[in-house]
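Structure (structure tokens):
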């Protein structure tokens, strides 16, 4: 739970950094700096607490996780920059919960009654959160960053499933390698569309802050996915955007309307049901 709160705070400041820095693509640079910080801290952690065993299969799954992680981090901050954080964060959280829940039974993680009910509640919750007090439209999805947030949710769900395939003996090594790989991959993925801004002092400041906040949660999350039910761990991480939503409401003064609060409440019930299934 503590890791989920940290992730929510990190996501909030990643989005804030993109809004406050005038250069287009600042959020991508913030994601890159945060990955640099994360790889350094995770590398030190692995040096002190090396994995009991890290085999070839674990390495292959880590490579796949690296692609998801390097893609999702800049897209996550970009979605928070372009749309209301109080809307985008809970939306991608619920979708990241749905993906492992749907795929989980096919890889040995069967769903119980609580999880099925939680899954059923997640869909109306997303609609209500996205509503802004009215029925969502195509224009709303295009203009608010919500469509990008939906893509982020799917990618996060895939990342969760990938981490769950790695042996529990691998420890924090996958966290270190995905962070290190993201340092190289983020510039390569964004170079063709020139989406990455220069690394200014403001970018370094926000990237350092986000990286330090996130990396402890990332290490804990990777180890948790190795040892627990993927759907339940993903559900616990669903509390992260609640932190983002509250910070955006209280600090950034984003409006959250009545039906959005109803959707957030449904989402919270969904998350609790998945967590209770443990």
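Numbering (the working numbering), first residue to last: 61 to 338. C-beta: ideal position from N, C-alpha, C; glycine also.
- The residue from 70, 222, 88, 273 with its alpha-carbon nearest to that of residue 257 is 88.
- Secondary structure of residue 255 (DSSP, three-state): coil.
- The segment 242-249 and the segment 125-143 touch, with no fewer than 3 CB-CB distances between them shorter than 8 Å.
- Just measuring C-alpha positions, the residue of 183, 122, 282 sitting nearest residue 151 is 183.
- For residue 308, the closest alpha carbon among the candidates 275, 270, 72 is that of 72.
- DSSP places residue 139 in the uninterrupted alpha helix (DSSP H) bounded by 116-142.
- Within the same chain, 333 come within 6 Å of residue 177 by CB-CB distance, once the 5 residues on both sides are set aside.
- Annotated as distal: residue 281 and residue 124, with beta-carbon spacing of 8 Å or more.
- Between residue 98 and residue 231, the beta carbon gap of about 16 Å keeps them out of contact (Cβ cut-off 8 Å).
- Under a 10 Å Cβ-count criterion, residue 144 is classified as buried, with 16 or more other Cβ atoms of the shown protein chains found around its own Cβ.
- Apart from the 5 residues on each side of it in sequence, residue 267 sits with its Cβ closer than 6 Å to the Cβ of 90, 93, 94 in its chain, given in chain order.
- Excluding its 5 nearest sequence neighbours in each direction, residue 213 has C-beta neighbours in its own chain below 6 Å: 152, 155, 156, listed in chain order.
- With respect to residue 126, residue 277 sits apart: the two C-beta atoms are not nearer than 8 Å.
- For residue 263 and residue 141, the gap between their C-alpha atoms comes out near 14 Å.
- In the three-state DSSP reduction, residue 226 falls in the coil class, being neither helix nor strand.
- For the 8 Å CB-CB criterion, residue 135 and residue 240 do not form a contact.
- Of the other Cβ atoms in all chains shown, fewer than 16 fall within 10 Å of the Cβ of residue 325; this residue is therefore exposed.
- In summary, residue 179 is buried, with 16 or more beta-carbon neighbours lying within 10 Å of its beta-carbon over all protein chains present.
- Rounded to the nearest angstrom, the Cβ distance from residue 181 to residue 330 is 4 Å, consistent with a contact under 8 Å.
- Annotation: the segment 80-112 contains no complete segment of the beta strand (DSSP E) (minimum length 3 residues).
- In this structure, residue 159 and residue 218 form a Cβ contact; the two beta carbons are roughly 6 Å apart against a cut-off of 8 Å.
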